[in-house]
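Contents: one structure, followed by commentary.
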Amino acid sequence: MRGDHDSFATQGVIAWHDECHRERFNFEQSIWLYPTVAMGSRSRRESEVLALNILTRLIPTRNVRALVGVTSKQALRLAPLFVTECLTARDPEWTHWTMPIGTLRAWLASHREPARSQTSLEVKAQL
Numbered sequence: 000m001r002g003d004h005d006s007f008a009t010q011g012v013i014a015w016h017d018e019c020h021r022e023r024f025n026f027e028q029s030i031w032l033y034p035t036v037a038m039g040s041r042s043r044r045e046s047e048v049l050a051l052n053i054l055t056r057l058i059p060t061r062n063v064r065a066l067v068g069v070t071s072k073q074a075l076r077l078a079p080l081f082v083t084e085c086l087t088a089r090d091p092e093w094t095h096w097t098m099p100i101g102t103l104r105a106w107l108a109s110h111r112e113p114a115r116s117q118t119s120l121e122v123k124a125q126l
């Protein structure tokens with residue numbers, strides 16, 4: 000079962016292997032960190048690129064240029080953690096996997112930086 004082209008916003012990640020055993024996704028790669036590394040799961044770099052492309056679609060801020068594309072500092076910071084927590088647990092022999100959009104949003108919400116608390120000096124300055 001393949002997702003519609005770029006159905007990420009409604010369905011999350013859908014991945015499958017094509018007839019030549021290449022990894023395919025229901026969304027296009029827009030961020031490239033390395034000139035010859037496409038998003039995937041066969042290597043650490045491929046997984047980092049996949050994580051960054053997923054997170055960039057979830058985080059609206061764009062404040063860092065990559066080799067190709069623009070992402071966010073937050074996506075760059077969270078990508079290694081996303082690889083560890085979400086991508087490395089997949090069955091190494093997978094042929095099809097999904098990560099629903101609700102699951103992705105919940106993961107991101109649980110990893111947001113807490114709001115910076117005001118120092119006593121800032122509180123006094125407001126008085």
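Counting from 0, one number per residue, gives the positions in the sequence shown under numbering that gives the first Met the number 0.
We put the CB at the ideal spot given by N, CA and C, even for glycine.
Exposure of residue i, with buried meaning 16 or more beta-carbon neighbours within 10 Å
i	result
residue 47	buried
residue 11	buried
residue 83	exposed
residue 105	exposed
residue 80	exposed
Closest Cα partner of residue i within the set the options
i	options	result
residue 101	16, 72, 57 and 62	57
residue 88	40, 60 and 20	40
residue 51	8, 38 and 15	38
residue 49	7, 17 and 19	7
Span separating the alpha-carbon of residue i from that of residue j
i	j	result
residue 78	residue 108	14 Å
residue 24	residue 59	21 Å
residue 95	residue 21	12 Å
residue 91	residue 30	24 Å
residue 13	residue 75	22 Å
residue 35	residue 63	20 Å
residue 86	residue 26	17 Å
DSSP state of residue i mapped onto helix, strand, coil
i	result
residue 15	strand
residue 96	strand
residue 122	At residue 122, the pLDDT of 40 sits below 50, so the modelled position is not reliable; the number obtained from the coordinates is stated separately. In this structure, residue 122 counts as helix in the three-state DSSP scheme.
residue 64	strand
Distance between beta carbons of residue j and residue i, contact taken as under 8 Å
i	j	result
residue 61	residue 67	So it is not a contact: roughly 13 Å between Cβ atoms.
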